[in-house]
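One structure is given here, and the rest of the page talks about it.
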Amino acid sequence: MKNRLRKTWSGGKAGVNAWLSMPNTITAEIVARQDFDSIVIDLQHGLNDYLSALSMLQALEPGTATPMARVPWLEPGIIMKLLDAGALGIICPMVNTPDDAENLVRWAHYAPRGTRSFGPTRALMTYGADYPTKANGEVITLAMIETVQALENVDAIVATKDLTGVYIGPSDLSLSMGHTPKLDQDQPEVVKAIERILAACKKAKVRAGIHCITTTYAKKMIALGFDLVTIGGSDNRIFTAAVQERLAAMRD
28 MKNRLRKTWS
38 GGKAGVNAWL
48 SMPNTITAEI
58 VARQDFDSIV
68 IDLQHGLNDY
78 LSALSMLQAL
88 EPGTATPMAR
98 VPWLEPGIIM
108 KLLDAGALGI
118 ICPMVNTPDD
128 AENLVRWAHY
138 APRGTRSFGP
148 TRALMTYGAD
158 YPTKANGEVI
168 TLAMIETVQA
178 LENVDAIVAT
188 KDLTGVYIGP
198 SDLSLSMGHT
208 PKLDQDQPEV
218 VKAIERILAA
228 CKKAKVRAGI
238 HCITTTYAKK
248 MIALGFDLVT
258 IGGSDNRIFT
268 AAVQERLAAM
278 RD
């Protein structure tokens with residue numbers, strides 16, 4: 028079973044991630060042909076549902092990036108269905124307590140560690156007959172830290188056994204802290220919170236990821252110690268920015 032993101036991490040490097048919000052197999056395939064370490068299909072704020080995510084996972088297969096998905100919420104059914112469909116990583120929003128983190132891990136792992144029901148339909152076709160015995164060691168679980176409550180519980184969350192790490196949602200985190208929601212945060216209080224989360228991850232020896240817009244900010248986060256950075260925000264943001272830039276240049 029090939030898991031490029033885990034291989035990148037084992038080599039001491041940070042992973043560069045793409046984010047797919049648009050339910051389109053062609054754009055997914057275009058992104059898959061680029062040199063990303065991982066690609067996330069967004070079922071929370073993206074426009075994807077399970078069926079579009081399934082088709083997009085198929086479109087990602089020719090590439091080398093680790094296919095992952097952000098689920099709409101902490102709920103066992105969709106976590107299991109996306110893993111069965113071939114996702115090798117789950118990013119879960121609004122993980123606020125150690126119990127939330129424990130549920131994420133349990134629902135993403137087979138027994139004896141977890142309670143994931145057996146039926147890896149497409150995953151078995153994609154990763155081979157030994158998938159059931161290797162899945163627990165390959166599936167990536169990232170709990171999103173994006174509220175004041177989660178920030179207060181971060182040390183207990185990252186201590187969750189078999190949790191791969193956390194993924195910071197800067198917009199929701201800043202909103203929860205009473206600031207303007209945005210990515211590439213420079214608000215001192217929010218920056219301090221981000222650094223606190225990163226420090227907790229390093230202490231617990233788990234991975235830390237963060238959502239970014241610019242490559243400049245993403246490189247800064249890697250230098251700070253982050254293990255995973257999303258660049259461009261999402262396919263939708265990248266496409267919109269490119270169209271606006273070219274039209275503005277034409278109208279100038």
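Numbering (the working numbering), first residue to last: 28 to 279. Where a beta carbon is used, it is the ideal one built from N, C-alpha and C, also for glycine. Predicted model only: the values in this text are computed from it and were never measured.
Item: Here's a check: name, in chain order, each residue in its chain whose Cβ is nearer than 7 Å to the Cβ of T52, leaving out the five neighbours to either side.; Value: S82, M83, A86
Item: Exposed or buried, V270, counting other C-beta atoms within 10 Å across all chains shown (16 or more means buried)?; Value: exposed
Item: Can you tell me whether DSSP reads W46 as helix, strand or coil?; Value: strand
Item: Taking one C-beta from the region 181-191 and one from the region 124-132 each time, how about it: are there three or more such pairs within less than 8 Å?; Value: yes
Item: Can you give me the Cβ contacts of K161 inside the same chain, cut-off strictly under 6 Å, excluding the 5 residues immediately before and after it?; Value: M28
Item: For L70, which residues in the same chain have their Cβ closer than 8 Å to its Cβ, ignoring the five residues on either side in sequence?; Value: D76, Y77, A80, A96, R97, V98, P99, I105, L109
Item: Please go through the same chain and pick out, in chain order, the residues whose beta-carbon is closer than 7 Å to the beta-carbon of K229, but skip the five residues on each side of it.; Value: G252
Item: What is the residue span of the alpha helix (DSSP H) that S82 lies within?; Value: 77-87
Item: Nearest CA to the CA of R143: which residue from R149, A135, N44?; Value: A135
Item: Between the C-alpha atoms of T93 and A45, what's the straight-line distance to the nearest angstrom?; Value: 10 Å
Item: State the start and end residues of the unbroken alpha helix (DSSP H) segment that holds V122.; Value: That residue, V122, is in no alpha helix (DSSP H); it is neither H nor E in DSSP.
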